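If you want it as C-alpha cells, here you go:
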C-alpha cells in the first residue's frame, strides 16, 4: 500500500513508558531515535508532558515530563527528518510549561481525550496551534463511545478545531476489522478537512490488521511501536507496518537491528504482548486494568477464573 | 458473527506436532480432546496418517502415523460430539492402511496438496469418500500459486471431487485481508457446491484477522489451534476465534483452563509464535524453513542479517 499522505508515528517510548513508569534511560531513547531516523519513520512520540505539580519526578522517569532540555539531549547531534511528538492528557498539563514551538525540540503535540472532554481537547489543541505546533486529538476508548455523543464531538471538531489529524484509539483492543471500517468511514464523512488516524491495541492480535483496515479506508496517520511494545498487550508492531507499506522512504533494517539489540533483552525484564488475560479484556471490551492487576498477582496464570470474574462483574452491573 | 454452517477444526496436535516430531504423549492428547469436547469444537485434527514404510516410528511420535488403536486409546471413555480428523500428504500414505470409516475412530480425512498435485488430491479424496469419510482438500502455499493453474484446479475440484470443503492454506503467513477477500471470493465463485475453508499462519500476526476476513466472505470451515501452537509462527489462536464467534454452542472456558495448565508450561520448552525471522519470511512470501534453520543456530537473534540474506537470495534468483 503506497500513498504519499501516509505518516507513521512511532509511540515506542511514550506507550512503552506506561509499562515502566517512563524510566527508559537516555542511551536507550537515543538508540530508538537513531533507528527511527534511519528507518525513515515520520514521527517519534517521546513521552508525556505532565505537570510536575501533579506528579513527582521521584516516582517517574524522564519521559513522564519530557522537559525540552531532556528531549534535546536525547536527539542532539543526530541528523534526522523524524519529527518529535509528545502526548498530553487533559487536566494533567500546565499550559504555561509549553514554550512556543520555535523554542522547543517538539514538533507535534497530541491530546488524548475521551468523547466527554472534547470541548477541552479542542481548546487545548487550538492553544498549541497558536504556539506553532502540529496537533492531533486522539479519542480514547472508541470501542465504547460510539453513539450520538461521538457524532456530535466529530462535528464540533470539524467546525472548531485546527488539528492536523483526528485519531480513533482502540484503547481496549476490542475492535474487529468490520468495526474499524465503520468507524473510519464515519470519521471521514464528518471530519472532512482533517486527516484521520488510527491507534490500535493488540489484545486480540488485531492491532496490525486493524491498522491495515484503517489504511484501506483512507486513514493516513498510523501509530505503531517497535516490537509492539506498549501497556498490557501492546500496540501495532512497527516492523510489520513498515513491511506492509511499500513506500520506499522506509527501511525496515534499522528496526530489525534495534529489536535484536534492545527489545529482545528488554522483553525478558518487562512484559507486554499476547497474554491471555489481556485477550480476555479485549474480547469483553473492558479496560485492561483488571488484567494488569492479575498479572501482578500470584494468580497470574489463572485464566478461567479471571474470565469468570469479569463475566460475573458484567452480570452484576 | 453467528452462522449455523460454521465448523471449527482444531489442529493443535496435528500442526503442533510439526514442532516436536509429533511426540505428544497420550495424556496430553487426551487432555486436549477433553477440553475441545467441553468447548464444543466441531473437529479435532489429531495428526498425520503417514506410511510406516516411509518414516520410522523410532524417529517420530505416535501422531505422525495415527494408528486407529492409538487414536481410540486417547479418546475412549470421553463422551463427545467432537469429530476426529487426520491429515494426509500426497505420496506419503498407504491407502490400504485406511480402513472403512465405520471400522475407524476417524471421521474426516484432509488431503494437503499443492496446486500441481490436485489430480492426485481429487483421486485420493474420492477414494476416502468411498470408504465413508468426510474429506477436504487443503491447497497449500496459496499466496504463491494464484494464476491460471489455480483457476483450473478449482474448476476441476468443482467438477470431479466429492469433498465436503476446500481450504485455502496461507502456508507462509503472507496474506493480508485484501488478498484473503479476493481469494475466498474466487473460491466461492468457482467451487459453488462445496464449503470453503481457511487455514492461516501467524507470521505477521494476521492468522486471526485473516480467518475473520474469510468468515465475512462466507468461508465456513475454520482452522485454529490452542494458544496458536503450530510450526514456526503458529496458527490462528482457537481462544480468539471462539471469542469472536457468537455461537452459543462454544464455551471458551475449557480452552482457557487448558492453556493455563498445559500450554504455558509447554511454551517454555518448545517455541512458536511471533518471532521476527518468521515475520520476515511472511513479509517476503517465503517458506519458513530458512527462518526455522536460523532459530536452531547461534545467530537466532540476528534479524537484520537474516533479512539481508533473504533479500540477496531473491535478487539472485
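Residue numbers (this note's numbering), protein chains in the order written: chain A, 35 to 351; chain B, 35 to 351. Each residue gets a CB set at the ideal place from its N, CA and C atoms; glycine is no exception. Since the structure is predicted, the reported quantities are computational estimates derived from the model, not experimental observations.
Going by beta carbons, residue 239 of chain B and residue 308 of chain B fall inside the 8 Å limit. Proximity of the region 72-92 of chain A to the region 312-322 of chain A falls short of the contact definition, fewer than three beta-carbon pairs being nearer than 8 Å. Shown in chain order are the members of the region 312-340 of chain A whose Cβ falls below 7 Å from a Cβ of chain B: 313, 317, 335, 336, 337, 338. Using a Cβ-Cβ cut-off of 8 Å, residue 303 of chain B does not count as an interface residue toward chain A, since no Cβ of chain A sits closer than that to its own. Judged by beta-carbon spacing, residue 76 of chain A lies within the 8 Å limit of residue 117 of chain A, meaning their Cβ atoms are closer than that value. Per DSSP, the continuous beta strand (DSSP E) segment holding residue 81 of chain A begins and ends at 77-82. At a C-beta separation below 8 Å, residue 206 of chain A has no neighbours in chain B, since its nearest C-beta there lies roughly 13 Å away.
Scanning its chain for C-beta atoms nearer than 8 Å, with the 5 sequence neighbours on each side dropped, one finds around residue 218 of chain B the residues 202, 230, 232, 247, 248, 251, 252, 253, in chain order. Burial state of residue 125 of chain A is exposed, judged by a 10 Å Cβ sphere holding fewer than 16 other Cβ atoms. Contact annotation: the region 36-52 of chain B touches the region 62-82 of chain B, with at least three C-beta pairs closer than 8 Å.
Proximity of chain A to residue 287 of chain B at the Cβ level (cut-off 8 Å) is accounted for by 338, 341, 342, in chain order. Within the same chain, and ignoring the five residues on either side of residue 311 of chain B in sequence, the residues whose Cβ sits closer than 7 Å to its Cβ are 325, 328, 329, 337, 340. For residue 308 of chain B, the closest Cβ of chain A is nearer than 8 Å. Of the other Cβ atoms in all chains shown, fewer than 16 fall within 10 Å of the Cβ of residue 111 of chain A; this residue is therefore exposed. Rounded to whole angstroms, the Cβ separation of residue 174 of chain B and residue 146 of chain B is 6 Å, and the two are in contact under 8 Å. Proximity of the region 57-65 of chain A to the region 271-289 of chain A falls short of the contact definition, fewer than three beta-carbon pairs being nearer than 8 Å. Residue pairing of residue 203 of chain A in beta bridges, as defined by DSSP: A/233. Within chain B, 210, 238, 317 have C-beta atoms less than 9 Å from the C-beta of residue 278 of chain A, given in sequence order. Judged by beta-carbon spacing, residue 191 of chain A lies within the 8 Å limit of residue 171 of chain A, meaning their Cβ atoms are closer than that value. As a beta-bridge residue in DSSP terms, residue 119 of chain A pairs with A/79, A/142.
DSSP, read as helix, strand or coil, puts residue 43 of chain B in strand. In this structure, residue 49 of chain A sits near residue 264 of chain A, with a CB-CB distance shorter than 8 Å.
By alpha-carbon distance to residue 136 of chain B, the top candidate from B/188, B/102, B/157 is B/102. Here residue 269 of chain A is near residue 258 of chain A, since their CB atoms are less than 8 Å apart.
Under a criterion of Cβ atoms nearer than 7 Å, no residue of chain B is adjacent to residue 256 of chain A; the nearest Cβ is some 15 Å distant.
For residue 276 of chain A, the enclosing alpha helix (DSSP H) has its first and last residue at 272-278. In this structure, the beta-carbon distance from residue 177 of chain A to residue 209 of chain A falls below 8 Å. Chain order gives the chain B residues near residue 273 of chain A as 310, 313, where near means a beta carbon separation below 8 Å.
Using beta-carbon distances, residue 248 of chain A does not count as an interface residue toward chain B, since no partner is under 8 Å.
Only residues of its own chain outside the window of five on either side were considered, and among them 149 have a CB closer than 6 Å to the CB of residue 183 of chain B, listed in chain order. Looking at the DSSP output, residue 256 of chain B sits in a beta bridge with B/42, B/232. The Cβ of residue 290 of chain B sits closer than 8 Å to at least one Cβ of chain A. With the criterion set as a beta carbon lying under 7 Å from some beta carbon of chain B, the region 87-112 of chain A has no members that meet it. Contact between residue 276 of chain A and residue 260 of chain A is ruled out by a C-beta separation of about 10 Å, above the 8 Å threshold.
Residues of chain A with a Cβ closer than 9 Å to the Cβ of residue 242 of chain B are, in chain order, 238, 239, 240, 243.
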